[in-house]
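Everything on this sheet refers to the single structure shown next.
There are 2 protein chains.
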Amino acid sequence: MTMIETADAEGGVSLHQRILSDISEKILSGAWAPGHRIPFEHELSAQYNCSRMTVNKALSQLAKAGLIERRRRSGSFVRQPQSQAAVLEIHDIRVEVEALGLLYRYERVARHKRRSDAEDRALLELGVAGPVLALECRHFAGKRPFAHEQRLINLTAVPEASDEEFLTIAPSPWLIGRVPWSEAEHRIRAVGADKPVAAALDIAAGAPCLVVERRTWSAEHPVTHVRFTYAADSHTLVARFRPSQG
Amino acid sequence: MTMIETADAEGGVSLHQRILSDISEKILSGAWAPGHRIPFEHELSAQYNCSRMTVNKALSQLAKAGLIERRRRSGSFVRQPQSQAAVLEIHDIRVEVEALGLLYRYERVARHKRRSDAEDRALLELGVAGPVLALECRHFAGKRPFAHEQRLINLTAVPEASDEEFLTIAPSPWLIGRVPWSEAEHRIRAVGADKPVAAALDIAAGAPCLVVERRTWSAEHPVTHVRFTYAADSHTLVARFRPSQG
DNA sequence: GTGGCGATTATGTATATACATATTGAAACG
DNA sequence: CGTTTCAATATGTATATACATAATCGCCAC
């Protein structure tokens, strides 16, 4: 007779979750130091009175999360803590401004359609020349300029953008949903504001600014490059790390 | 008779992986737009000629990765693209400097043991007063100062730190391995260098700098707070996003 | 000793099955 | 006509089983 304990044996959580959190706790508390061999699957399945499959799925997940390392024939071991990877949430500027309780306003400063020059191609990581759309925009929080946006759109990848003036809708929300992106890269650094950006943000030239650049690809094709510049004190990026438990 | 096709049917990849990448491709290419209902588990299991369990595991993983949403009785649906989450790799400074092909050097500038004041408690998010260790350090790349480090260690959580002078080993590598961390938060912003930091980094006061602050907890207890300051052009953070496929 | 070889072992992947649970759509009822 | 009930359905979780695969241990020949 096969007894299946699908549901909550006691605490309303699945067995999978319980094994996961039990072992995570042991590792994160330091009870099982890096290098320590955790019990074999068959030992844990006996201990938890469940099948090996259930244990296997839990341990595989811990391995994928990077907490343990699994070696055939040898067992599973607590991994050395390594390069920390934190999750950085990139929000839409409108959302961010409104989260601050301020009124969001968008302004398109300039729009040029042109054949890509060498700089454009470098920014887009584009191999061959082709038409691009260059945009310059400002995002306001209340009365004050919040962010300056310099954007390039690869018109070969997104021909529909030719017909859009971007006077009322910002490029980000326009692109999202229209172009499925498969990969993105963000570069974050500090710079001193150059003259045009300083003017746009209403700060002194050379004043410290946070720059977030994003390059986006869709199925290997470069789609867009954007550079957001924020005045030093207006913006903080937050990245969190918590060992995943599912 | 049960036929099990554990291995590579053709391309040397597992069925699990194949289902995963097939569906990811459909979503990321836009063929299946947000809101689209993907085939039911039993349909996919027929299509791939495999068991429902195999399909279930693949779809569950896509759901965990955020690409699809699963609703009982209704099916699985392609999710609306949402707040982009990028993975930010936080490397040890030594590793980073050596990756640049430069000689790494570490210097401890100051070390003070004291009872936490209000500012310390704010930085550590510490409720009650207690002993803390305040450190100031410099990290060099070649001959030039690369980063300035201001660190607080909660001696209640890490009493062993009292006995360490940190003259030859930097706080980060000392803490890693000694203290299991369960949670970390990074804040990234641009600032103008204040006088002491400017002097330490050999730059002008007010010059733009990138600041990375990290707070670390171990099992709910604050462990350490550190502020790294980099001169504007010396350092760029990179965060990548690629829809996970396992 | 040392080098190779086969048995052993722990994990990796897949199947078929069982039952739980949430949700929806339709039927039954007041 | 609205509400309640119920059955159908798709997903969620677990079991027992089968076989593949990689790594290691120990044995044996040299």
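In the order they appear, the protein sequences are chains E and G.
Residue 1 is where the first sequence starts when you use full-length UniProt numbering, and the numbers rise one by one after that.
Residue 1 is where the second sequence starts when you use full-length UniProt numbering, and the numbers rise one by one after that.
Yeah, the Cβ is synthetic: ideal placement off N, Cα and C, and Gly gets one too.
All values reported here derive from a predicted model rather than from experimental measurement.
- The beta carbon of E/Arg240 sits closer than 7 Å to the beta carbons of Ala86 and Val87 from its chain, once the five residues preceding and following it are set aside; these are given in chain order.
- Taking all protein chains in view, the Cβ of G/His186 is crowded by 16 or more other Cβ atoms within 10 Å, so the residue is classified as buried.
- The continuous beta strand (DSSP E) containing E/Thr224 extends over residues His221 to Ala231.
- Excluding residues up to 5 positions away in sequence, Ala207, Pro208, Cys209 and Leu210 lie with their Cβ nearer than 7 Å to the Cβ of E/Ala232 in the same chain.
- For E/Gly35, the nearest beta carbon of chain G is not closer than 8 Å to its own beta carbon.
- DSSP lists E/Ser76 as the beta-bridge partner residues of E/Ile38.
- In this structure, the CA atom of E/Val95 is about 12 Å from the CA atom of E/Ser172.
- DSSP places E/Lys57 in the uninterrupted alpha helix (DSSP H) bounded by Arg52 to Ala65.
- At a cut-off of 8 Å, the C-beta of G/Leu210 has a neighbouring C-beta in chain E.
- For E/Arg105, no chain G residue has a Cβ inside 7 Å of its Cβ, as the nearest lies near 21 Å away.
- Near chain E, meaning a CB-to-CB distance below 7 Å, the residues of the region 177-189 of chain G are Gly177, Pro180, Ser182, Glu183, Ala184, Glu185, His186, Arg187, Ile188 and Arg189.
- About 17 Å separates the beta carbon of E/Arg37 from that of E/Gly66, a gap too long to meet the 8 Å contact definition.
- For E/Arg18, the closest C-alpha among the options E/Ala147, E/Gln47, E/Ile176 and E/Ala134 is that of E/Gln47.
- Inclusion of E/Leu152 and E/His225 in the CB contact set at 8 Å is warranted, their separation being smaller than that value.
- Taking C-beta separations shorter than 7 Å and ignoring five residues to either side along the sequence, the partners of E/Ile27 in its chain run Leu67 and Val78, following chain order.
- Using a Cβ-Cβ cut-off of 8 Å, E/Val87 counts as an interface residue toward chain G, since at least one Cβ of chain G sits closer than that to its own.
- E/Ile23 sits in a helix when the DSSP states are folded into three classes.
- Scanning its chain for C-beta atoms nearer than 6 Å, with the 5 sequence neighbours on each side dropped, one finds around G/His235 the residues Leu210, in chain order.
- Residue state for E/Arg94 is assigned as helix, using DSSP reduced to three classes.
- The beta-carbon distance between G/Ile203 and G/His139, rounded to whole angstroms, is 15 Å. This is too long to meet the 8 Å contact definition.
- For E/Trp174, the secondary structure class from DSSP, reduced to helix, strand or coil, is helix.
- Rounded to the nearest angstrom, the gap between the Cα atoms of G/Leu123 and E/Leu201 is 30 Å.
- Shown here, G/His235 sits in coil according to DSSP, grouped into three states, outside any helix or strand.
- In this chain, the alpha helix (DSSP H) harbouring E/Val197 covers Lys195 to Leu201.
- According to DSSP, residue pairing for G/Val158 in a beta bridge does not occur.
- Annotation: the continuous beta strand (DSSP E) that includes E/Arg115 extends over Tyr104 to Arg115.
- In this structure, G/Ser162 keeps its C-beta atom at 8 Å or more from the C-beta atom of G/Trp217.
- The beta carbons of E/Gln150 and E/Glu164 sit about 17 Å from each other, so the pair does not count as a contact at 8 Å.
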